[in-house]
Amino acid sequence: MTETVRLLGLDPGLRAMGWGVIDVTGNRLAHVANGTITSDSKLSLAERLVQLERGLISVIADHGPASAAVETAFVSKDAAAALKLGQARAISLLVPARAGLDVAEYAPNKIKKTVTGSGHADKQQIKMMVETLLARCKTASEHAADALAVAICHAHYRSAISYVETAGARVKRA
45 MTETVRLLGL DPGLRAMGWG VIDVTGNRLA HVANGTITSD SKLSLAERLV
95 QLERGLISVI ADHGPASAAV ETAFVSKDAA AALKLGQARA ISLLVPARAG
145 LDVAEYAPNK IKKTVTGSGH ADKQQIKMMV ETLLARCKTA SEHAADALAV
195 AICHAHYRSA ISYVETAGAR VKRA
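Structural data, given as structure tokens:
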């Protein structure tokens, strides 16, 4: 019997952090939940990061994922925006790690290619494919759709990573 593994995907952002939870049983994917954690732009940066942290702690407590995956940052011409995104990414890496989850990272083009077949898919294509791949799924926002795409990507690659690690362990023992 194949075990079910619950995965959390995160699309980091300071204004809005998308999250999506899926269950993976063999090669079957099932939507569990998705949403967006927002921060109040009127607050200080530190207070906004605390809002994201609290929201993500709540998501993990509510859904109990076994593993998490985060979209890596893309290069931005706006240094201030890139720095803020980096700080939000830190929250998306730190909170699951503190909860004892292993955390993987995937580049945006890899996520898009995995979910849509094109590394340059737009937001609408990603949303459509996520809702197609996950029956009865309605995404709460484009950030949540992106987060579910991260979780789907992780579902595909975590089994390959596990296979390689298992094969490496066999080789070391031999």
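Taking our numbering, the leading residue of the sequence shown gets 45, the next gets one more, and so forth. Where a beta carbon is used, it is the ideal one built from N, C-alpha and C, also for glycine.
Item	Value
Alpha helix (DSSP H) segment containing E239, residue limits	Nothing can be reported for residue 239: it is not among the residues displayed for the chain, which extend from 45 to 218.
Three-state secondary structure assigned by DSSP to E209	Residue placement at E209 is flagged as unreliable, the pLDDT there being 49, under the threshold of 50; the coordinate-derived value follows with that caveat. Of the three classes helix, strand and coil, the one that applies to E209 here is helix, per DSSP.
Proximity below 8 Å, CB of V49 to CB of S136	no
Proximity winner among N71, T183, D106, A189, relative to P140 (alpha-carbon distances)	D106
Buried/exposed call for L58, threshold 16 Cβ in 10 Å	buried
Collapsed DSSP secondary structure at G130 in the structure displayed	helix
Contacts around D84, its chain only, beta-carbon distance under 7 Å, and the 5 residues preceding and following it disregarded	R92, Q95
Rounded C-alpha distance that separates S185 from Q169	14 Å
Cβ-based burial, E47 [other Cβ within 10 Å; buried from 16]	exposed
Cα-Cα separation, A143 to L54	15 Å
Cβ-based neighbour list, K156, same chain, cut-off 6 Å, excluding 5 preceding and 5 following	G163, A165
Length of the line joining the Cα atoms of A126 and A117	8 Å
Selected residue, minimal CA-CA separation from L145, among T80, A60, L100	L100
DSSP three-state assignment for A218, whether helix, strand or coil	In this predicted model, A218 has a pLDDT of only 48, less than 50, meaning its place in the structure is not dependable; the value taken from the coordinates is given anyway. If DSSP states are grouped into helix, strand and coil, A218 belongs with coil.
Whole-number beta carbon distance between A195 and L87, since they are thought to touch under 8 Å	Between A195 and L87 the Cβ distance is about 29 Å, and since that is not below 8 Å, they are no contact.
Cut-off 7 Å between Cβ atoms - residues of its own chain near A151, not counting five sequence neighbours on either side	T116
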